[in-house]
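Protein chains in written order, with my numbering: chain W, 3 to 386; chain E, 3 to 386.
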């Protein structure tokens, strides 16, 4: 096991009706900026619940964060927050609203010239305005970590930063807020959580049997629950179990002491920037291609994954790997996420620029730092 | 899934050589009281590592906490801490030293008359002097929770309290500090962690498939690693995996949203008070008896436990339960903990007072609140 630090002070308040507990979680002596997306929280009643809970609080609202939140929108929010002297942010929505809120909270305390440097140059985040979260879409795990991903379309960039300073003080996770999610949002969330686990699990062994099994626990549960929520989108327990899986997938626990990959996410981000594909839709294409391309390097863990997660009993390890990849593909497809670029009419030739961009920026990636331009191109061709 | 709150802000600093990071974790502008047990940390070099790391700090030492830490010793430490105006506690040792330190830290801020009320009457802990931990014995999980158990022998009492105020600010978990543990301490730690998981797992189902699998992950890993550490007590990775299992067993994560039992611990505490048996030795006796006594009430989970944790394939569920109980007993025995009172020459008749004491104090216990005096007596007879 590798040495590690695990620190996760976010208070998780989980279950139905928990939005009413907001007054226990936020002090009144400060101006609160509620950040939100495009209006779904008005349709599903979450906005009303929040306003009822925060009656008597001094609140300003900022709407308009879209999936893959945009730098320019964040800068607008920063200007408004400065004007309004905001002392606390309450993100109400999915991971995109929350990621934007984290970047805003960090930017307000940033003493460099341009907060974009936090993303592009890894400029350190020394502090941030405190923030809390009401999660309405299980997927990113952002509700229980210090990560955020921001896009800047004018530059064709989608970049991440991470800091404990922007971990939410609390996250209210009420599964009832998710029963109105449509099939696409639901399957995207399941695939995103699944791939978060795979990035921390499908690498090489450094003797971490507990972390392996904790990762497998999440994968197996997602596999078990996905058809339940498809059959009945209003099934509270199925929604609850998916939400808890998505949080556990990226609260950094299963990543403790292990070797991590993140190739699939890095390539996926490029595809989102180039073609506007949903984040999870890129992952469903890239992960199976990475599994096939890295079949030799990831051999032992692929066999373990096939045997333990999918219960594949075949004595021939090569057949176990074949079946494991096939089952992963079928799981993504049946959740609702195609696993080929062709499903979106994207010619592979148009993607290859991603290999150049990504390897140019990051050098070699993957748990062995052996995936460069050529390898990324090969992975993209496998996803054709 | 039941509603829940999960809050665990303890920073875990895990791995070899991490004691040297103490200066990153403790501010210098305060007097530190280092609390410790009977001297094992002097023999294994941990004390020297701590003193080297804290050179230049203002430190006072308090030694002498034994297993099942005693109220009187805590009161002595409280007097000394007041005299010395201690601003931070550093617990160096196992769960007993840490539990004592938590009680001391809470007592110093307690504004009632007698801090014993925190334990005996559930008097609320409003605040506590901050504390940190260097763990040298994996077992209790105290390094990552707000729980403490204190004994008062003059009254034959062993009582627990829990408060987020006494959660360690940090816990340094260096597996190298545990390679000198003897076989008894090692097996006690394994059994304690195993039973912590069982108390939160072997109950009835409220649709928590992820928590179930996270619990099974810890059980399976303990079963896998226990023989490794027995074969080679200096095996760093085996020690590391046991430590991480013990922390995960009682950092409250697997208890989120589930129904919990704790019958085994409550009966076990009484046996420790009456006969001075090691905590984990009582658990190894009581858990198998609880499994047998609650066989009907715990039927579904016993079958799941047998199939998933022990891989018992028998089609007949009753045979799965029989084998699961048998395997649990053999696991405890082979770790080094007998599962019968007779192994310690304790006649069951001498134990029955525990049933009266416990039911008199707590009423009916267990996940269904259906274990009263008669049932506890029956459980004790099954452990004869």
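Note that CB positions come from ideal geometry on N, CA and C, so glycine has one too.
### Endpoints, the beta strand (DSSP E) within which residue 135(E) is located
133-137
Contact set for residue 101(E): own chain, Cβ-Cβ below 6 Å, skip 5 residues either direction: 71, 144, 150 and 151
Within a Cβ cutoff of 7 Å, which residues of the same chain sit near residue 258(E), ignoring the five residues on either side of it in sequence? 6, 8 and 213
Under a CB-based cut-off of 8 Å, is residue 219(W) close to chain E? Yes - at least one Cβ of chain E is within 8 Å of the one on residue 219(W).
Just to check my reading of the structure: residue 107(W) and residue 168(W) have Cβ atoms closer than 8 Å, yes? What is that Cβ distance to the nearest angstrom? 6 Å
Within 8 Å, do at least three Cβ pairs link the segment 167-187 of chain E to the segment 287-298 of chain E?
no
Exercise for the section: Please report the Cβ distance between residue 135(E) and residue 105(E), rounded to the nearest whole angstrom; I am assuming they are in contact, meaning their Cβ atoms lie under 8 Å. Expected result: Wrong, their Cβ atoms sit about 14 Å apart, outside the cutoff.
- Item | residue 154(W) (DSSP reduced to helix, strand or coil) | strand
Counting only C-beta atoms, is residue 111(E) closer than 8 Å to chain W at any point? no
What separation, rounded to the nearest whole angstrom, lies between the Cα atoms of residue 158(E) and residue 272(E)? 8 Å
- If you drop the 5 nearest sequence neighbours on each side, which residues of the same chain put their C-beta closer than 6 Å to that of residue 89(E)? Excluding residues up to 5 positions away in sequence, 32 and 33 lie with their Cβ nearer than 6 Å to the Cβ of residue 89(E) in the same chain.
Decide if residue 29(W) is buried, meaning its Cβ has at least 16 other Cβ atoms within 10 Å, or exposed.
The residue in question, residue 29(W), is exposed, as its Cβ has fewer than 16 Cβ neighbours within 10 Å.
Assuming contact is defined by CB atoms lying nearer than 8 Å, are residue 140(W) and residue 191(W) in contact in what I supplied? yes
For residue 349(E) and residue 318(E), I'd like the C-alpha separation in whole angstroms. Spanning the two alpha carbons is a distance of roughly 35 Å.
- Using a cut-off of 9 Å between C-beta atoms, extract the partners of residue 246(W) located in chain A. Although the question refers to chain A, the structure presented lacks it and instead comprises the protein chains W and E.
- Query: With DSSP run on the structure shown, which of helix, strand or coil describes residue 298(W)?
  - Reply: coil
Item to complete: Check whether the Cβ atoms of residue 174(E) and residue 291(E) lie closer than 8 Å to each other.
Response: 8 Å or more divides the Cβ of residue 174(E) from the Cβ of residue 291(E).
Host alpha helix (DSSP H) of residue 243(W) (start-end)
238-251
Q. Measuring CB to CB, does residue 93(E) end up less than 8 Å from residue 69(E)?
A. no
Query - Sequence-distant residues of the same chain with beta carbon closer than 7 Å to residue 375(W), five excluded per side - result: Only 357, 358 and 361 meet the Cβ criterion.
### Message
Determine, for residue 318(W), whether the minimum Cβ-Cβ distance to residues of chain E falls below 8 Å.
### Response
no
- Message: Short of 8 Å in beta carbon distance, which residues of its chain neighbour residue 302(W), apart from the five on each side in sequence? Order them along the chain.
- Response: 206 and 207
Open item on the list: Quick test of the definition: if touching needs 3 or more C-beta pairs under 8 Å, does the segment 194-202 of chain W touch the segment 249-264 of chain W?
Closed with: yes
Note to self: Quick check: the Cα distance between residue 230(W) and residue 311(W), rounded to an integer number of angstroms?
What the structure shows: 18 Å
Span separating the alpha-carbon of residue 246(W) from that of residue 277(E): 43 Å
* Between the CA atoms of residue 211(E) and residue 3(E) - distance to the nearest angstrom -> 9 Å
Next item on the list: Using only alpha-carbon positions, find the residue among 119(W), 339(W) and 242(W) that is nearest to residue 18(W).
Entry: 242(W)
* To do: Answer with buried or exposed for residue 123(E), where buried requires no fewer than 16 other C-beta atoms within 10 angstroms of its C-beta.
  => exposed
**Q.** Option nearest residue 2(W) by Cα separation, candidates 13(E), 353(E) and 67(E)
**A.** Not covered by the structure: residue 2(W). The range shown for chain W is 3 to 386.
query: Start and end of the beta strand (DSSP E) containing residue 14(E)?
result: 6-16
Requested in this report: Note down, in chain order, every chain E residue with its Cβ under 9 Å from the Cβ of residue 103(W).
Outcome: Annotation: residue 103(W) has no Cβ neighbours in chain E at a cutoff of 9 Å; minimum Cβ distance is about 21 Å.
Residues in its own chain within less than 7 Å of residue 373(W) by CB, not counting five upstream and five downstream? Within its own chain, the residues whose Cβ lies closer than 7 Å to the Cβ of residue 373(W), once the five positions on either side in sequence are excluded, are 265, 366 and 367, listed in chain order.
(request) Can you tell me which of the three DSSP states residue 37(E) falls into? (result) Here residue 37(E) sits in strand by DSSP.
| Coarse secondary structure for residue 255(E), derived from DSSP in three states | coil
**Message:** I'd like the ranges of any beta strand (DSSP E) spanning at least 3 consecutive residues and lying wholly in the segment 24-79 of chain E.
**Reply:** 33-38 and 60-64
How is the beta strand (DSSP E) around residue 2(E) delimited, first residue to last? A query on residue 2(E) cannot be resolved here, the shown segment of chain E reaching from 3 to 386 and no further.
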